[in-house]
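Engineer: Sequence positions in the sequence shown follow the working numbering and run 551 to 844. Positions of the beta carbon are idealized from the N, C-alpha and C atoms, including for glycine. Since this is a predicted model, take the numbers as computed values, not measurements.
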Amino acid sequence: MEIQGTTRVLGVIGNPVEHTLSPLIHNTLSEELGKDLIYVPLRVDQDVETAVRGAYALNFLGMNVTVPHKQAVIPALSSIDPLAQRIGAVNTLVREEKGFRGYNTDILGLKRALAKRGAALQGRGAALIGCGGAARAVAFLCADEQVSELTILNRTIEKAEALRGEVLKYYPDLKIGVLALSEAGNLPDGTDLAIQCTSAGMEKHLPDGSIVPGVSPVTAPAFYEKIRFAYDLVYRPSRTEFMQRVQEAGGEAYCGLDMLLYQGICAYELWNHLTVPEEISEKVLKKLEKAVQA
Ligand code: NAP
């Protein structure tokens with residue numbers, strides 16, 4: 551990749567950004583597609599609005615936004631996609647005439663990852679585990695895709711109740727239940743798909759070089775007997791304990807690496823007004839797998 555006078559800049563703002571895999575995704579896409587673009591990590595501690603306005607003034611083609619700025623960025627946008635607005639979090643900024651338009655491609659990426667596995671949400675009973683930023687977005691995706699029933703499970707039940715209330719404001723007819731993780735065995739009949747959105751399954755790398763494995767947030771065997779398809783947003787490790795337990799009970803389970811891939815692909819497509827061919831997506835996925843294992 552040669553940087554020249556015509557090269558346009560893309561980047562991700564967040565803190566920390568040192569371990570981001572987004573440059574790998576986007577710079578590989580530009581290389582494969584022959585685009586004169588460069589993608590860089592940009593650490594922003596505070597004053598996100600100034601950073602976004604500055605990037606626009608500097609003629610950036612687009613930006614990604616990561617933790618902790620996905621909400622704070624919203625006032626700096628010229629417009630926002632309706633689903634991203636309902637979720638209240640934006641991770642992709644697309645240049646338009648008077649500023650950046652905000653999207654949530656985390657959720658578009660998950661939708662594409664599920665479609666790839668033939669797991670449509672529409673008409674299906676879904677269990678959502680967790681109530682953090684990622685889970686909130688997934689709850690809105692489930693509602694928007696018209697699941698037949700949604701059950702939100704969380705360690706802190708009050709947060710599950712609050713998320714239920716938020717979703718019902720926009721989707722008042724949706725059947726939504728809440729369960730404490732300790733009651734996960736009481737999942738309603740007809741709920742056979744689960745999306746795991748807690749960080750419990752992530753492995754932790756300690757300063758002495760040792761690795762502490764993650765755990766599954768759900769222990770009840772009755773839960774696993776019901777789940778036929780599961781998607782775990784965690785991708786380090788690539789087979790979490792949660793996935794293992796779903797598979798041992800006879801269900802299908804996948805890790806979040808292709809969600810990470812497709813959130814990037816969806817952003818790249820919005821910036822460049824193109825469709826990334828599947829064989830190029832697969833090449834990027836192979837690189838991501840290597841990077842994650844390393
Ligand atoms: P977050 O806001 O910190 O969410 C934390 C959630 O995890 C809360 O519901 C919390 O429960 C729960 N939790 C944490 N430790 C737990 C434990 N030991 N047992 C049970 N529940 C526990 O994080 P986030 O931003 O939503 O991200 C969640 C996970 O999704 C992370 O692992 C992140 O890497 C992953 N993610 C992946 C992608 C992708 O592209 N694949 C995208 C976004 C996020 P309480 O409410 O009770 O504290």
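Can Arg795 be considered in contact with the ligand NAP, in the sense that its beta carbon sits closer than 7 Å to one or more heavy atoms?
Structural biologist: The residue given as residue 795 occupies position 245 in the sequence shown. Not so, every heavy atom of the ligand NAP lies at least 7 Å from the Cβ.
Engineer: Look at Leu671 and Ala689 and say whether their C-beta atoms are less than 8 Å apart.
Structural biologist: Position 121 of the sequence shown holds residue 671. Position 139 of the sequence shown holds residue 689. No, Cβ-Cβ distance for Leu671 and Ala689 is not below 8 Å.
Engineer: If we define contact as Cβ-Cβ less than 8 Å, is Asp631 a contact residue for chain B?
Structural biologist: This model lacks chain B altogether; it includes just one protein chain.
Engineer: Any chance the CB of Lys709 is under 7 Å from a heavy atom of the ligand NAP?
Structural biologist: Here residue 709 refers to the residue found at position 159 when the sequence shown is read from its first residue. Lys709 Cβ: within cutoff of the ligand NAP.
Engineer: Report the option in Glu695, Leu729, Val697 whose CA atom is closest to the CA atom of Thr706.
Structural biologist: In the sequence shown, residue 706 corresponds to position 156, counting from 1. Thr706 has its Cα closest to that of Leu729, out of Glu695, Leu729, Val697.
Engineer: Based on DSSP bridge pairs, tell me the residues matched to Lys754.
Structural biologist: Within the sequence shown, residue 754 is the residue found at index 204, counting from 1. DSSP output for Lys754 lists Val762 as bridge partner(s).
Engineer: Please classify His823 as buried or exposed, where buried requires at least 16 other C-beta atoms within 10 Å of its C-beta.
Structural biologist: Working through the sequence shown from its first residue, we reach residue 823 at position 273. His823 is exposed by the Cβ-count criterion.
Engineer: With distances taken from CA atoms, which of Thr748, Leu835, Glu775 is nearest Asn736?
Structural biologist: Residue numbering aside, residue 736 sits at position 186 when the sequence shown is read from its first letter. Of the candidates Thr748, Leu835, Glu775, the one whose C-alpha sits nearest the C-alpha of Asn736 is Glu775.
Engineer: Counting only runs that start and end within the region 684-754, where is the alpha helix (DSSP H) found for 4 or more residues in a row?
Structural biologist: You should have 707-720.
Engineer: Compute the beta-carbon to beta-carbon distance between Met786 and Met752, rounded to the nearest angstrom, for a pair I have assumed lies under 8 Å.
Structural biologist: The sequence position of residue 786 within the sequence shown is 236, counting from 1. The sequence position of residue 752 within the sequence shown is 202, counting from 1. Note on identity: in this sequence residue 786 is Arg, with Met being the wrong assignment. About 6 Å; that satisfies the 8 Å criterion.
Engineer: Express the C-alpha separation of Cys816 and Glu647 in angstroms, rounding to a whole number.
Structural biologist: For the purposes of this step, residue 647 is taken as the residue at position 97 of the sequence shown. For the purposes of this step, residue 816 is taken as the residue at position 266 of the sequence shown. Their Cα atoms are separated by approximately 21 Å.
Engineer: Cα separation between Trp821 and Asp742?
Structural biologist: Residue numbering aside, residue 821 sits at position 271 when the sequence shown is read from its first letter. Residue numbering aside, residue 742 sits at position 192 when the sequence shown is read from its first letter. When rounded, the distance between both Cα atoms is 36 Å.
Engineer: So, at 6 Å on beta carbons, what are the nonlocal neighbours of Met793 in its own chain, with the 5 sequence-adjacent residues on each side left out?
Structural biologist: Within the sequence shown, residue 793 is the residue found at index 243, counting from 1. Result list for Met793: Asp782, Ala803, in chain order.
Engineer: Can Ser572 be considered in contact with the ligand NAD, in the sense that its beta carbon sits closer than 7 Å to one or more heavy atoms?
Structural biologist: With respect to the ligand NAD, the structure shown offers nothing to examine, as its ligands consist of the ligand NAP.
Engineer: Extract the residue ranges of the beta strand (DSSP E) inside the region 780-810, only unbroken runs of 3 or more that lie entirely within it.
Structural biologist: You should have 802-805.
Engineer: What are the boundary residues of the beta strand (DSSP E) that includes Leu660?
Structural biologist: The residue given as residue 660 occupies position 110 in the sequence shown. Where Leu660 is concerned, there is no enclosing beta strand (DSSP E), although the alpha helix (DSSP H) it sits in stretches over 655-666.
Engineer: Which two residues bound the contiguous beta strand (DSSP E) that contains Thr642?
Structural biologist: Here residue 642 corresponds to residue number 92 of the sequence shown, with the count starting at 1. Run containing Thr642: 642-646, per the beta strand (DSSP E) assignment.
Engineer: Would Ala770 and Gly801 qualify as a contact pair, given that the criterion is a beta-carbon distance under 8 Å?
Structural biologist: Counting from one through the sequence shown, the residue named residue 770 turns up at place 220. Counting from one through the sequence shown, the residue named residue 801 turns up at place 251. No, Cβ-Cβ distance for Ala770 and Gly801 is not below 8 Å.
Engineer: Looking only at DSSP bridge pairs, what is Phe650 linked to?
Structural biologist: Within the sequence shown, numbered from 1, the residue matching residue 650 stands at position 100. For Phe650, which the question treats as bridged, DSSP gives the partners Arg645.
Engineer: In the DSSP assignment, the alpha helix (DSSP H) including Ile624 goes from what residue to what residue?
Structural biologist: Sequence index remark: in the sequence shown, residue 624 carries index 74 (1-based). Unbroken run through Ile624: none, as it is neither H nor E.
Engineer: Could you pull out every residue in the same chain whose Cβ sits closer than 6 Å to the Cβ of Cys681, ignoring the five residues on either side in sequence?
Structural biologist: One-based indexing of the sequence shown puts residue 681 at position 131. Cβ neighbours of Cys681 beyond the five flanking positions: Asn704, Lys709, Ala710, Leu713.
Engineer: Using only alpha-carbon positions, find the residue among Glu828, Tyr720, Leu560, Gly759 that is nearest to Leu608.
Structural biologist: Here residue 608 corresponds to residue number 58 of the sequence shown, with the count starting at 1. Considering only alpha carbons, the answer is Leu560.
Engineer: Is Gly673 close to the ligand NAP? I mean its beta-carbon at under 7 Å from any heavy atom of the ligand.
Structural biologist: As a first step, residue 673 is located in the sequence shown; it is residue number 123 there, counting from the start. Gly673 Cβ: outside cutoff for every heavy atom of the ligand NAP.
Engineer: Give every residue of the same chain whose Cβ lies closer than 6 Å to the Cβ of Gln813, excluding the five residues on either side of it in the sequence, and list them in chain order.
Structural biologist: For this step, residue 813 is matched to residue 263 along the sequence shown. Around Gln813: Thr655, Asp656, Gly659.
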